[in-house]
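K.L.:
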Amino acid sequence: MTISVQSPWPVQIASSQKLRDVRISPDGSMVLYQVQPFYKSDRFVSELWLAFTDVPQSARPLTNGLFYDRAGVFHPNGKQVVFLSDRHSPGRAAHIYVLGLTGGAAVQSEPAPLLSSPGTKAVLAFEISPDSRFLAFSSDDETSPEEIRKVEEKDDARVFGGRDGTTQRFARLRVYSFEKGTVSTLGGIRKDRHIESFTWSPDSKRILYRLRDGRGSEFTEREVILESVSIKNTDDPSCALGSYPRSPSGQNIWIPSGRIISLQSYEPRNPLDARALFVQHIDEAASSLNGTERMYGLSEDAVRVVNIAGTCHRHGGVAVEVCSGVETSIDVISYEKNHNLMRFTLFRTHQEAIWFGAWDARRVVDEDGNISYIFAAVLSSGVTHRPPNVYTGRVTGKGREVTETLQLSSHLQWLADAPVVATEVFQWTTRDGTVLSGVVRYPPGYDASQGRLPTVLCIHGGPYRRDILGDVPVHALDQRAKRRSIDYMPYFCNWREFLALEGYLVISPNYRGSQGRGHDFAHAASQGIGAYDWPDCESMVDEVIRRGLADPARLGVAGWSHGGSLTAWGVTKTKDRFKAAIVGAGASNWEGMVMESGSPELETEIGQSAPWGCDGLERSTRKTSPIHCVAGVATAVLILHGERDERVPVGQAIGLYRGLKRRASERGKQSAQLVIYPREPHGFVERKHAEDVLMRVLSHLDTWL
1 MTISVQSPWP VQIASSQKLR DVRISPDGSM VLYQVQPFYK SDRFVSELWL AFTDVPQSAR
61 PLTNGLFYDR AGVFHPNGKQ VVFLSDRHSP GRAAHIYVLG LTGGAAVQSE PAPLLSSPGT
121 KAVLAFEISP DSRFLAFSSD DETSPEEIRK VEEKDDARVF GGRDGTTQRF ARLRVYSFEK
181 GTVSTLGGIR KDRHIESFTW SPDSKRILYR LRDGRGSEFT EREVILESVS IKNTDDPSCA
241 LGSYPRSPSG QNIWIPSGRI ISLQSYEPRN PLDARALFVQ HIDEAASSLN GTERMYGLSE
301 DAVRVVNIAG TCHRHGGVAV EVCSGVETSI DVISYEKNHN LMRFTLFRTH QEAIWFGAWD
361 ARRVVDEDGN ISYIFAAVLS SGVTHRPPNV YTGRVTGKGR EVTETLQLSS HLQWLADAPV
421 VATEVFQWTT RDGTVLSGVV RYPPGYDASQ GRLPTVLCIH GGPYRRDILG DVPVHALDQR
481 AKRRSIDYMP YFCNWREFLA LEGYLVISPN YRGSQGRGHD FAHAASQGIG AYDWPDCESM
541 VDEVIRRGLA DPARLGVAGW SHGGSLTAWG VTKTKDRFKA AIVGAGASNW EGMVMESGSP
601 ELETEIGQSA PWGCDGLERS TRKTSPIHCV AGVATAVLIL HGERDERVPV GQAIGLYRGL
661 KRRASERGKQ SAQLVIYPRE PHGFVERKHA EDVLMRVLSH LDTWL
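Under full-length UniProt numbering, think of the first position of the sequence shown as 1, with each following residue one higher.
1) Check whether the stretch 569-583 touches the stretch 542-551, taking contact to mean three or more Cβ pairs, one atom from each stretch, closer than 8 Å.
2) For His641, which option in Thr53, Gly632, Ser526 and Pro681 has the closest C-alpha, if you only look at C-alpha atoms?
3) Please list the segments of the beta strand (DSSP E) lying wholly inside the stretch 622-659, counting only runs of 3 or more residues, in order along the chain.
4) Report yes if the CB atom of Ser609 is closer than 8 Å to the CB atom of Ala636, and no otherwise.
5) Since I believe Thr423 is in contact with Arg441 (beta carbons under 8 Å), could you give me their beta-carbon distance rounded to a whole number of angstroms?
6) Output yes or no for whether 8 Å exceeds the beta carbon distance between Leu674 and Ala653.
7) Give the DSSP-derived three-state secondary structure of Arg70 in the structure shown.
8) Have a look at Gly317 and Ile24 and give me their C-alpha separation to the nearest angstrom.
9) Would you list the residues sitting across from Tyr491 in a DSSP beta bridge?
10) Determine the DSSP secondary structure at Arg60, reduced to helix, strand or coil.
11) Got a sec? Which residues, its chain only, sit under 6 Å from Glu543 by beta carbon, not counting five neighbours each side?
12) Cα separation between Trp9 and Ala580?
13) What are the start and end residues of the alpha helix (DSSP H) that includes Thr102?
14) Whole-angstrom Cβ separation of Gly250 and Leu263, contact assumed at under 8 Å?
15) Mind the definition here: the stretch 186-198 touches the stretch 575-595 only if three or more C-beta pairs lie below 8 Å; say whether that holds.
16) According to DSSP, which residues form a beta bridge with Asp331?
17) Going by other Cβ atoms of all chains shown within 10 Å of its Cβ, with 16 needed for buried, is His350 buried or exposed?
18) Could you tell me whether the stretch 437-457 touches the stretch 499-517, using the rule of 3 or more Cβ pairs below 8 Å?
19) For Ser597, does the count of other Cβ atoms within 10 angstroms reach 16, so buried, or fall short, so exposed?
20) For the alpha helix (DSSP H) containing Pro535, list its first residue and its last residue.
21) Tell me Tyr33's beta-bridge partners as DSSP assigns them.
22) CB-CB under 8 Å to His194, same chain, minus the five flanking residues each way: which ones, in chain order?
23) Closer than 6 Å by C-beta to Val183: which residues in its own chain qualify, once you throw out the five before and the five after it? Chain order, please.
24) Confirm, please, whether the CB-CB distance from Ala71 to Leu50 is below 8 Å.
25) Could one say the Cβ of His75 lies closer than 8 Å to chain D's Cβ atoms, at least one of them?
26) Taking its Cβ as the centre, do 16 or more other Cβ atoms sit within 10 Å of Cys323, making it buried, or is it exposed?
27) Give the range of the beta strand (DSSP E) segment to which Phe160 is assigned.
28) Using the Cα positions of Ile529 and Phe426, report the straight-line distance between them to the nearest angstrom.
29) Using a Cβ-Cβ cutoff of less than 6 Å, which residues in the same chain neighbour Ser217 once the five nearest sequence positions on both sides are dropped?
30) Am I right that residue 729 and Ile354 are in contact with their C-beta atoms under 8 Å? What's the rounded C-beta distance?
31) For the candidate residues Pro388, Asp432, Glu404 and Asp235, whose alpha-carbon lies nearest to that of Leu415?
32) In three-state DSSP terms, what is Asp27?
33) Where does Glu142 fall in DSSP's three states?
34) Do you know how far the Cα of Ile253 is from the Cα of Ala125?
35) Considering just the uninterrupted stretch of the beta strand (DSSP E) at Gln168, what are its terminal residues?
36) Using beta-carbon positions only, say whether Arg362 and Gly28 come within less than 8 Å of one another.
Right, here's the structure in full:
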């Protein structure tokens with residue numbers, strides 16, 4: 001089928017770049033970051049860029065963009081950049097490369113491989129020791145001749161469990177010596193578990209690491225073991241320190257004051273909860289943990305943490321990204337003399353948003369002993385109509401906040417040239433008295449005299465995510481503080497500003513289960529789909545109709561991932577309230593999700609039951625599965641799904657389509673459409689598919705609304 005769409009935005013969005021992996025040099029003078037196309041044409045490529053923190057518009061490419069250069073960091077000496085790349089064999093396994101610097105410029109035309117014999121297996125992650133003498137990395141063992149023979153002969157059965165053992169491959173932890181140029185595998189670590197993450201001790205003598213039962217996402221919801229091992233002798237036994245009920249978010253950080261820092265659920269066993277910062281004390285022998293402190297997570301969420309001090313601070317410290325409502329701040333937490341805690345806000349959003357995790361912070365001490373704090377991030381602003389770019393800010397002394405930022409790069413100019421979309425943060429009260437906030441986006445040039453608009457309810461995924469514009473004030477119910485905005489972070493399944501540009505009123509609720517309001521709000525998702533999330537979403541629809549903004553006869557609903565699941569839930573419950581719907585990578589049968597998804601424990605929480613937990617007569621999950629409620633649906637449903645989606649298997653889409661074609665109303669049967677994209681996982685990676693999704697979404701809404 002040929003889609004007739006005249007909009008320029010699908011091609012523009014699908015050909016956009018994303019900026020990520022921001023890193024500040026040890027002396028605070030430079031910023032390294034990665035520029036990568038959102039979607040690939042043939043294979044993944046990306047390039048590393050470098051900028052000076054005190055020179056505006058100083059960003060320039062450090063590598064040529066012909067290969068997949070990524071995960072770049074500065075060597076502690078500040079004279080080299082170390083990164084992963086496939087430049088030895090494009091499109092194949094990643095190896096470690098080094099590029100020398102002098103005065104911020106490369107001293108060689110081509111990066112050099114770090115290892116003389118890197119092997120065929122990909123390096124999964126690496127970290128340089130604080131004393132700069134070693135580099136730890138994780139990778140699989142090389143394939144044995146016997147394994148190669150079995151693959152060639154198609155004797156490659158995949159085995160899970162049982163007395164025969166497993167055919168799963170587990171990552172091993174290895175250490176490279178810069179002085180000797182040698183690699184050693186740490187043999188004291190058990191071989192029946194997968195290395196999930198690792199970090200160095202402040203004195204560079206030990207490595208702290210986490211082990212889990214397997215490398216798939218399913219195993220992140222099971223017990224994770226925490227151990228440490230000495231690098232002095234490669235066969236030294238490991239030391240067990242404890243365990244987590246589930247995988248923490250990101251890697252642990254070990255700071256010089258003898259503290260291990262991690263991000264976990266506020267109640268660690270809860271898969272659906274706000275994140276909090278946990279601080280545990282480790283003894284001098286690095287043999288046991290004790291005394292746990294918990295910060296954040298009660299009324300706001302800690303979502304990312306970085307080591308801020310390096311080797312320049314005796315006791316160490318971290319910077320934490322904190323979400324509070326629609327605001328984001330970067331807090332510094334450090335331990336001073338007598339181990340007294342110091343905490344202050346280094347940066348907070350005012351008229352901008354921070355791209356997901358694309359920031360860094362560092363504490364720097366100059367030759368005269370003066371302390372400064374440097375912040376760098378990918379920021380965008382709807383208020384000032386700025387696309388994502390790298391900005392820095394610096395303060396001298398402790399406890400001060402960055403008030404001015406310096407723009408270092410000029411990417412994504414087409415976004416700055418796009419029409420302006422008026423946007424407001426929207427607040428309302430649900431029937432049970434809960435005050436919620438969301439975002440409303442208006443078509444360009446909208447004014448109240450135009451009357452009611454065709455409206456699309458765009459639901460975010462997660463559910464632990466949120467819709468924000470940056471730090472925009474939340475006003476009272478009868479006030480509107482409109483802000484100029486465009487989607488400065490576009491991608492294939494974020495249709496909010498894209499649809500507003502095409503003439504739709506777009507509403508996006510932060511329903512219960514979302515990020516930014518702490519434990520009780522996030523943990524509400526554990527009551528199951530449909531308990532709070534969908535009623536919250538529908539209550540925003542009711543409110544925009546009550547205020548005269550939305551046309552009740554021209555309503556649509558759309559979402560991806562959990563947003564797609566809620567869309568499927570909503571249209572099968574309301575039957576005909578929404579004239580059109582887009583279910584992107586959404587679940588339609590929670591029993592099937594628990595059995596086949598990559599995260600069965602999480603899906604059990606959302607669906608409220610596992611099929612193996614019920615007897616043959618019980619049907620407790622039927623109330624939480626859209627597939628059981630498709631009868632009579634009159635909404636025109638477009639179902640979009642990736643063929644290789646492990647997060648939400650494609651059978652969820654096929655089942656929903658079959659159900660609609662058999663049990664929906666005549667309008668629902670005739671209008672239902674399923675589109676499956678070959679090779680695509682949960683988040684799409686191919687450019688033509690991204691274009692196709694955007695064009696189909698617009699065409700479907702234009703046709704049925």
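Every residue, glycine too, gets a C-beta built ideally from N, C-alpha and C.
P.N.:
Judging by the given coordinates:
1) no
2) Pro681
3) 636-642
4) no
5) 5 Å
6) yes
7) strand
8) 16 Å
9) DSSP output for Tyr491 lists no bridge partner at all.
10) strand
11) Trp428
12) 21 Å
13) Taken as a continuous stretch (DSSP letters only), Thr102 belongs to no alpha helix (DSSP H), being part of the beta strand (DSSP E) at His95 to Thr102.
14) 6 Å
15) no
16) Val320 and Thr345
17) exposed
18) yes
19) buried
20) Asp533 to Arg546
21) Trp49
22) Gln168, Phe170, Ala171, Leu211, Arg212, Asp213, Gly214, Arg215 and Phe219
23) Arg174 and Tyr176
24) no
25) Looking at the structure shown, chain D is missing, and only one protein chain is on hand.
26) buried
27) Phe160 -> no beta strand (DSSP E), and no H or E assigned at all.
28) 23 Å
29) Gly598 and Ser599
30) Beyond the ends of the chain as shown, which are 1 and 705, falls residue 729; an answer cannot be given.
31) Pro388
32) coil
33) coil
34) 15 Å
35) It is not in any beta strand (DSSP E) - Gln168 carries neither H nor E in the DSSP assignment.
36) yes
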